[in-house]
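Inspection log for the structure reproduced underneath, given as structure tokens.
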Amino acid sequence: MATDLVKVEIIERQTVKPSSPTPHSSRTVQLSVLDQMVQSHVYAQTLFFYSANNNITCSEGGATSTDMAAMRMKERDYCQDLIRSLAKTLTHFYPLAGRLSKGHDMIQCTDDGAEFVTARVKCSLSQIFEHPDPEMLTGLVPAIGQPDGDGDGDGVSTRLPLLAVQANLFECGGITIGLNMSHKVIDGITASAFISCWAKTALNDGDDDQVPFMVPKFDAASYFPPLDFLNSSQPSSAELVGIIKQDKCITKRFVFDASKIATLQSNLARALAPHAPTRVLVVSALIWKCAMEASSKTSNIPPSSILLTMDLRRWFEPPLPQNLAGNVVGILVVTATASLKGQEESNETIDLKDLVAKLSKGIAQQKETYPTKLPFDSNEAWQRAQEYNKLRGNVDMYHLCSGIWCRLPFYEADFGWGKPTWVSIPSIGCKDAFYLIDKRDGKGIEALLSLSEEIMEHFESNPELLKYASVNPRVM
């Protein structure tokens with residue numbers, strides 16, 4: 000499906016503020032050192048697709064004028080319900096209605112509000128599902144203003160909203176909710192908690208007493224003390240871990256069905272015996288291997304690094320509260336090199352079993368050494384981030400970043416129209432990065448991968464990859 004076939008018309012933009020004012024005692028939220036490590040201009044985007052009557056059998060050509068009028072009225076009701084429930088939800092997730100402070104070291108929770116966009120899409124969901132191109136989906140996510148000078152040294156405005164929502168209304172009666180959330184405020188678990196709370200609030204018509212969820216705690220700075228960059232010789236926040244390479248690139252979608260992942264796990268089980276490799280581990284390793292091979296301009300495969308994250312809520316001793324909001328993740332970096340195959344020095348190869356074993360061992364070793372007890376050593380975490388930045392500066396290596404959004408209950412987000420038919424991520428917009436997100440069955444995995452066009456051409460034709468993955472299949 001061509002990108003220009005999806006025509007999105009913006010109908011209305013409005014600001015949604017918390018339904019109750021944020022208490023004075025909560026008007027500022029100090030960012031933790033882990034929040035400080037995230038660049039201010041990085042936003043996490045997600046799309047939730049809901050078919051009309053939870054199916055995709057509607058057509059745009061057979062509706063009468065009466066049918067269309069009824070559908071327009073239903074659309075208005077949908078949007079009003081979304082706005083009312085979002086306002087309720089923001090009373091609990093109040094930092095998302097705030098703005099970054101000038102120094103980007105805290106959130107000013109002054110109820111400036113989130114942006115809510117209503118849009119009409121001039122096609123049917125079935126057309127999207129037939130050719131679900133990630134580049135095409137970017138228009139379904141609300142754009143947030145470009146970086147400008149109304150901020151600090153990294154050029155990011157302090158007036159930009161930290162949350163923007165777009166309700167996309169399709170001709171067939173389907174609806175897609177596009178979310179654009181500041182990564183400075185949320186990680187995957189916090190984003191999932193927000194979506195879950197919002198959906199349950201909408202489903203229960205805003206009755207807080209009927210919404211079963213844990214109220215988020217925005218006090219991560221008390222666990223992970225921030226560092227004072229303004230009054231020290233430390234690099235500014237624009238130089239922290241997670242530096243995004245925004246070179247020209249292309250994002251493509253690769254789907255690993257549950258049966259294919261099971262086969263891959265079985266083939267690699269011996270490498271990790273007696274422990275069974277997880278589906279995320281084997282898919283990540285396969286993507287890394289194929290990207291390393293594709294990045295080689297000659298028969299010599301360059302050494303490589305992969306960045307992964309771990310949820311510190313579970314890994315702390317004792318475990319941290321599950322409702323602790325913000326970026327509660329530690330970074331893990333694993334490196335690998337190709338090995339010679341035979342006697343020819345130019346004949347290098349990467350053995351997937353060896354790579355899986357190395358990845359598993361590297362993760363285990365770093366989990367043992369990462370600071371996971373209180374009081375948390377913010378300086379040590381910072382030094383790890385700086386070491387990674389130094390590693391990324393090695394231009395003779397190939398570097399890959401990952402984001403894992405598996406095992407999160409995105410497919411449970413029922414706003415009153417049933418559970419989503421499909422949850423996905425649009426074009427990533429940064430090079431040498433991938434996201435993993437569950438398929439609807441909770442067993443398969445969708446991978447959204449962003450590479451340069453040259454590397455992508457080699458990657459997507461890798462025979463080993465194609466044994467286990469389908470390139471952008473239709474949404475079933």
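Letter by letter, the sequence shown follows residues 0 to 475 of numbering that gives the first Met the number 0.
Cβ atoms here follow ideal geometry from the backbone N, Cα and C, with glycine treated the same way.
None of the values given here were measured: they were computed from a predicted structure.
Cβ-Cβ distance between residue 88 and residue 409 below 9 angstroms: No. Outside cutoff.
Cβ-heavy atom distance, residue 197 to the ligand FMN, below 8 angstroms: With respect to the ligand FMN, the structure offers nothing, as it holds no ligand at all.
Cβ pair residue 495, residue 168 closer than 9 angstroms: Examination of residue 495 is not possible in this model, given that the chain is present from 0 through 475 alone.
Beta carbon of residue 254 nearer than 9 angstroms to that of residue 438: Taking C-beta atoms as the reference points, residue 254 and residue 438 count as a pair closer than 9 angstroms.
Best match in 469, 404, 464, 21 for proximity to residue 217 [C-alpha to C-alpha]: Among 469, 404, 464, 21, the Cα nearest to that of residue 217 belongs to 21.
C-beta contact flag for residue 480 and residue 391 at 9 angstroms: Because residue 480 is not part of the residues shown, which for the chain are 0 to 475, the question remains open.
Inter-residue Cα distance where the pair is residue 91 and residue 416: Within the model, the alpha-carbon separation for residue 91 versus residue 416 is close to 23 angstroms.
Local Cβ density within 10 Å of residue 34, reported as buried at 16 or more and exposed below that: A residue is called buried when at least 16 other Cβ atoms come within 10 angstroms of its Cβ; residue 34 meets this threshold and is buried.
C-beta atoms of residue 248 and residue 449 nearer than 9 angstroms: In this structure, residue 449 lies closer than 9 angstroms to residue 248 by Cβ.
Cβ distance (whole Å) where residue 366 is taken to contact residue 314 below 8 angstroms: For a cut-off of 8 angstroms, the C-beta gap from residue 366 to residue 314 is around 6 angstroms, short enough to register as a contact.
Buried or exposed by the 16-neighbour rule on C-beta atoms within 10 Å, applied to residue 69: Around the beta carbon of residue 69, fewer than 16 other beta carbons lie within 10 angstroms, which makes this residue exposed.
Sequence ranges, beta strand (DSSP E) only - wholly within the region 157-218, length at least 3: Counting whole runs of 3 or more residues, the region 157-218 contains the beta strand (DSSP E) stretches 162-169, 174-181.
Assumed close pair residue 77, residue 25 - CB separation to whole angstroms, cut-off 8 angstroms: The C-beta distance from residue 77 to residue 25 rounds to 31 angstroms, too long to meet the 8 angstroms contact threshold.
Which listed residue (330, 474, 434) has its alpha carbon closest to that of residue 386: Nearest of 330, 474, 434 to residue 386, Cα basis: 330.
Spatial neighbours of residue 260 in its chain, beta-carbon cut-off 8 angstroms, leaving aside the 5 residues before and after: Short of 8 angstroms from the beta carbon of residue 260, and not among the five residues preceding or following it, lie these beta carbons of its own chain, in chain order: 278, 281, 282, 442, 443, 444, 467.
Rounded C-alpha distance that separates residue 99 from residue 434: Each residue's alpha carbon lies about 26 angstroms from the other.
Cβ-based neighbour list, residue 51, same chain, cut-off 6 angstroms, excluding 5 preceding and 5 following: So the list reads 57, 171, 172, 173, once near-sequence residues are dropped.
For residue 113 and residue 162, the rounded distance between their alpha carbons: Approximately 5 angstroms, taken between the alpha carbons.
Residue 351 and residue 267 closer than 9 angstroms at C-beta: Yes. Within cutoff.
Nearest-angstrom Cβ-Cβ length linking residue 357 and residue 335, presumed shorter than 8 angstroms: Confirmed, about 6 angstroms.
Rounded C-alpha distance that separates residue 310 from residue 188: The C-alpha of residue 310 lies about 9 angstroms from the C-alpha of residue 188.
Residue 214 versus residue 374 - alpha carbon distance: In this structure, the straight-line span from the alpha carbon of residue 214 to that of residue 374 is close to 24 angstroms.
Residues that DSSP places opposite residue 303 in a beta bridge: 335, 397, per the DSSP bridge assignment.
Cβ pair residue 176, residue 47 closer than 9 angstroms: Cβ distance < 9 angstroms, so residue 176 and residue 47 count as in contact.
Pairwise C-alpha distance: residue 414 and residue 200: Roughly 8 angstroms separates the two Cα atoms.
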